[in-house]
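Below you'll find the structure, written out as structure tokens, and then a few comments.
Number of protein chains: 2
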Amino acid sequence: MGKAIKTAVIGAGSAVFSLGLVRDFSLTESLAGSTIAFMDMDEERLERVHNLARRYATEMKADLRFEKTTDRKKALEGADFVINTALVGGHEDQETERKVLEEHGYYRGLHFPYHQLKLMLEVARDMEKLCPDAWLIQSSNPLPEGCSLMTRETNIKVIGLCHGHYGYRNIAKVLGLDLNDVTFQAPGLNHCIWMTHFEYRGEDAYPLIDEWIETKAEKYWKTHVPTFMDNQMSRAAVDIYKMIGLFPIGDTPRAGGWWYHTDLETKKKWYGPVGGFDSEIGWAQYLDYLRERVNHIARVVADPSVSVTKEFPPVQTDEQQVPIIDALVNNNEGRFQVNIPNNGVIPSIPDDVVVEVPAIINNRGVQAIHVGKLPKNLMLHVIIPRISIMERALEAFLTGDKRILLSIFLHDYRTRSVEQAEAAVEALLALPFNRDIAEHFKW
Amino acid sequence: MGKAIKTAVIGAGSAVFSLGLVRDFSLTESLAGSTIAFMDMDEERLERVHNLARRYATEMKADLRFEKTTDRKKALEGADFVINTALVGGHEDQETERKVLEEHGYYRGLHFPYHQLKLMLEVARDMEKLCPDAWLIQSSNPLPEGCSLMTRETNIKVIGLCHGHYGYRNIAKVLGLDLNDVTFQAPGLNHCIWMTHFEYRGEDAYPLIDEWIETKAEKYWKTHVPTFMDNQMSRAAVDIYKMIGLFPIGDTPRAGGWWYHTDLETKKKWYGPVGGFDSEIGWAQYLDYLRERVNHIARVVADPSVSVTKEFPPVQTDEQQVPIIDALVNNNEGRFQVNIPNNGVIPSIPDDVVVEVPAIINNRGVQAIHVGKLPKNLMLHVIIPRISIMERALEAFLTGDKRILLSIFLHDYRTRSVEQAEAAVEALLALPFNRDIAEHFKW
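The following block contains the structure:
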């Protein structure tokens, strides 16, 4: 038997995420007796999640307790784990912001994550008072910025989680490999991870990728109709691989260089007819997909006669939150992909930059697997520029120095003049939902 | 009495530089008995310098010996000091290259210093065999790239020298300060140095700059007709100062951000009617100025009846080479501005990056004055991007990996597409004088 623990979920109104969490808890017997405290500012969404969770646990006969509150402090009190999945403002504000910035020449926008960083830091600071020994599992973006910020500014133990590293499975699938015989390693920064190792039945499988590129890729790109999620084997991914020498994994092919993203036509060339996850087409598909999942949940919530376990079968999700909690609490050791402060795991990245690396987790805690030096070309071409973007965002956030906010725009490849950058900054700060950001920044 | 030493001058055909060196040697009695070995590949220019040097020493009654050779190894043999002032290809090739790159959208060009780096490394490697204990005083550009390369790849002791730090004198002059009562400190990377300290009669003199900006700058910019050299108090310099909080010194205002340099009109706005040192107007003035000085020397060389000390009065130059040699050999200690490996002098810059810092030099060697942390905004906005440019150049040079050469162009703010970058790289490598570079780089 395991130990009953309390997990607070911040931003629990995200029904898709919370449902997955309940599913995984229900399937983890060693965490029986545990409490999940759902916290969200939206009472309606909160009630929906609470309804669903109780029904799910009842049908599963799982020994779980659920609390719901709009008071963050109440949720955090006495928590052993805090999962922060909150997205401040939601997707609507981001779309508005994007439109305004596109008018200033920033195709697809340029997001400064002020609200996310502010919330993350507030949660971590509240934890220092209310549950200083709890683990914070950060589950919303941006992870490099947010986790670096929290681990620099507070004493809270932070783990950032994403699922992009599962992208290696798409590679295996396209190559026709049996997933059970595939091993891989893909360290880096979140959304910027690189497959340093890829083995099939114990042998280096990179030659299989090279062969696929040589003999099958063109046909694949011509015949395969990708969804917005399908960036792993795109032309862009292969081009990035050629440039760097390591395959970009998961969300990594979505970025890789501004030159893949100058306009929709260019995006289509590199990512297929949808233009990739981040094009206007791909992103709209993504939002539709989210809406569809949320609607499905809403229909189930509205009808108490429906069996929730029939609608959402009790199969372990791919999410790492619950297995990691189980590893930490019950010593059910596992190997995970986590975002934690570098501390020498990747030499020549500063210690206090949060990197995404493999780690062994058990009741001793989180122990990263030493990655070693990444190729210098990768560092220069991608990693260092990405860290610079992070550092500018954090410095702007922490100082409220408007010059640094301007500097972020001046260093963007779409900027053609100081005047353009200045106008974009002012337009960003003039948005009603950015009033607090406007007040934060001074010349 | 001092010690007689041998100094080899590589690229000695640069008459202006060599004449200055002879002047300083002639005025430094503690180095009497010394030998200067002029080396250049151009026999005519070599002979001109040798002629001038002998006449100068004779008129000065200075006890100096001069050798001349086109054989680098012969010059290096037994040298105590090696001054490398060579510029491979000269300014003509650079102009040709610039024109070609402008056709591809790179206004004022994008120079990859392959030939300079190759020569520098060859000189340092020759020194390892022929004079392993000698000091190498690197006196031609690019210093960060070249000195970092040589100190990483060889065991030679390297000091890089420039005179940009004297820019603080222009500030003092414009402010109407007595130079004797001014002290300053301006560390950073070569051509990217920042006035961390500026005192007048023992008190912080930054308020005097602020007052000048507030009350006199506009009038100065409207009435003062600048030459190409006059960038120190330009609108650009003041704007950079506002952005960073430290005044940029010497050559530093010439860069500071791509947005000051998008076209001639923009350059004129920021640097006055000449458009600054690096505009087509400013650079042409600079080349005229060099030609005029060379012609002056040529006229003197051609007429043995002319008194060289009358034409070039025996006043100590501003160059640091001879005073540094004197400090190292004769313990005539001084404080200098040198380019040396960082080794912790500026925290958060890697140890093996050559920085420009103040140093005490005496017979113990070169001991940097610990600078301490530079403002984070300066690091993020300027220093880290500058180091990235250096690291990409060195990695491209060392590996011959054409992808990294392409990456240099892709990370340039003038690039609008991959195709443009690729075409520019090919055009660069197709130039006749770049044939060896084309052979060096492979996909």
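Protein chains in written order, with this note's numbering: chain B, 1 to 443; chain X, 1001 to 1443. Glycine included, every Cβ here is placed at the ideal spot set by N, Cα and C. From a predicted model like this one, the values you see are computed outputs, not experimental measurements.
Let me make sure I understand the geometry here. Which of the options has the alpha-carbon closest to that of residue i?
| i | options | result |
| --- | --- | --- |
| residue 1029/X | 1332/X, 1347/X and 1396/X | 1332/X |
| residue 92/B | 216/B, 169/B and 432/B | 432/B |
| residue 947/X | 1320/X, 1147/X, 1442/X and 1122/X | Lying outside 1001 to 1443, the shown extent of chain X, residue 947/X is not represented and no answer is given. |
| residue 1088/X | 1263/X, 1223/X, 1112/X and 1184/X | 1112/X |
| residue 163/B | 192/B, 177/B, 151/B and 382/B | 192/B |
| residue 1363/X | 1306/X, 1334/X, 1280/X and 1303/X | 1334/X |
| residue 1034/X | 1005/X, 1313/X and 1142/X | 1005/X |
| residue 1086/X | 1077/X, 1072/X, 1095/X and 1096/X | 1072/X |
| residue 1366/X | 1137/X, 1313/X, 1106/X and 1150/X | 1137/X |
| residue 415/B | 262/B, 142/B and 84/B | 262/B |
| residue 185/B | 143/B, 106/B, 443/B and 336/B | 336/B |
| residue 377/B | 1404/X, 1074/X and 1038/X | 1404/X |
Just the Cα atoms here: how many angstroms apart are residue i and residue j?
| i | j | result |
| --- | --- | --- |
| residue 1447/X | residue 1234/X | Outside the displayed span of chain X (1001 to 1443) sits residue 1447/X, for which this structure offers no information. |
| residue 454/B | residue 1187/X | Absent from the structure is residue 454/B, since the part of chain B shown begins at 1 and ends at 443. |
| residue 295/B | residue 15/B | 10 Å |
| residue 1120/X | residue 239/B | 35 Å |
| residue 495/B | residue 79/B | Residue 495/B cannot be examined here, being either before or after the span of chain B that is shown, 1 to 443. |
| residue 1019/X | residue 1048/X | 10 Å |
| residue 1309/X | residue 1057/X | 9 Å |
| residue 1052/X | residue 1108/X | 36 Å |
| residue 1062/X | residue 1170/X | 33 Å |
| residue 392/B | residue 190/B | 17 Å |
| residue 1227/X | residue 275/B | 51 Å |
| residue 1341/X | residue 1358/X | 12 Å |
| residue 173/B | residue 372/B | 28 Å |
| residue 1128/X | residue 1257/X | 38 Å |
| residue 176/B | residue 271/B | 21 Å |
| residue 232/B | residue 195/B | 12 Å |
| residue 1397/X | residue 435/B | 49 Å |
| residue 152/B | residue 1390/X | 29 Å |
| residue 1230/X | residue 1223/X | 13 Å |
| residue 1345/X | residue 1368/X | 7 Å |
| residue 11/B | residue 94/B | 17 Å |
| residue 210/B | residue 1096/X | 40 Å |
| residue 260/B | residue 167/B | 20 Å |
| residue 1255/X | residue 282/B | 39 Å |
| residue 1205/X | residue 1409/X | 41 Å |
| residue 1439/X | residue 1007/X | 34 Å |
| residue 320/B | residue 361/B | 11 Å |
| residue 1150/X | residue 291/B | 59 Å |
| residue 1370/X | residue 1347/X | 9 Å |
In its own chain, which residues sit with a C-beta less than 6 Å from the C-beta of residue i, not counting the 5 before and 5 after it?
| i | result |
| --- | --- |
| residue 1003/X | 1329 |
| residue 1237/X | 1248 and 1253 |
| residue 183/B | 199 |
| residue 1441/X | 1400, 1402 and 1405 |
Got a sec? Which residues, its chain only, sit under 7 Å from residue i by beta carbon, not counting five neighbours each side?
| i | result |
| --- | --- |
| residue 1013/X | 1040, 1042, 1045, 1046 and 1049 |
| residue 1437/X | 1114 and 1429 |
| residue 406/B | 421, 422 and 425 |
| residue 1316/X | 1024 and 1027 |
| residue 1293/X | 1016 |
| residue 1145/X | 1113, 1117, 1390, 1393 and 1394 |
Spatial neighbours of residue i within its chain, please: C-beta separation below 8 Å, excluding the five flanking residues on both sides.
| i | result |
| --- | --- |
| residue 1375/X | 1244, 1245 and 1246 |
| residue 289/B | 228 |
Please give the ranges of any alpha helix (DSSP H) in the stretch 1088-1171 of chain X, keeping only runs that are unbroken, at least 4 residues long and fully inside the region. 1090-1102, 1114-1130 and 1143-1153
The stretch 416-425 of chain B in contact with the stretch 98-110 of chain B per 3-pair CB rule at 8 Å: yes
Okay, do the stretch 340-356 of chain B and the stretch 314-330 of chain B touch, 3+ Cβ pairs below 8 Å being the bar? no
So, does the stretch 241-258 of chain B touch the stretch 295-304 of chain B, judging by three or more C-beta pairs under 8 Å? no
Alpha helix (DSSP H) runs wholly inside the stretch 379-440 of chain B, at least 4 long, in chain order: 384-399, 402-410, 418-430 and 435-440
I'd like to know if the stretch 157-170 of chain B and the stretch 123-142 of chain B are in contact, where contact means that at least 3 CB-CB pairs between them fall below 8 Å. yes
Indicate whether the contact test is met: 3 or more Cβ pairs, each with one atom in the stretch 266-275 of chain B and one in the stretch 401-420 of chain B, closer than 8 Å. no
Going along the chain, which unbroken runs of the beta strand (DSSP E) with 3 or more residues stay wholly within the stretch 292-362 of chain B? 334-341 and 354-362
Contact between the stretch 1130-1149 of chain X and the stretch 1206-1216 of chain X: three or more CB pairs below 8 Å? no
Taking only runs that begin and end inside the stretch 177-221 of chain B, name each unbroken beta strand (DSSP E) of 3 or more residues, in chain order. 182-185, 192-195 and 197-200
Whole alpha helix (DSSP H) elements within the stretch 1218-1302 of chain X, 4-residue minimum: 1235-1244, 1264-1271 and 1280-1302
Can you list, in chain order, the stretches of the alpha helix (DSSP H) that have 4 or more residues and sit fully within the stretch 1003-1039 of chain X? 1015-1026
At a CB distance below 7 Å, what residues from the stretch 1239-1265 of chain X approach chain A? Give them in sequence order. The chain inventory of the structure shown lacks chain A, comprising the protein chains B and X.
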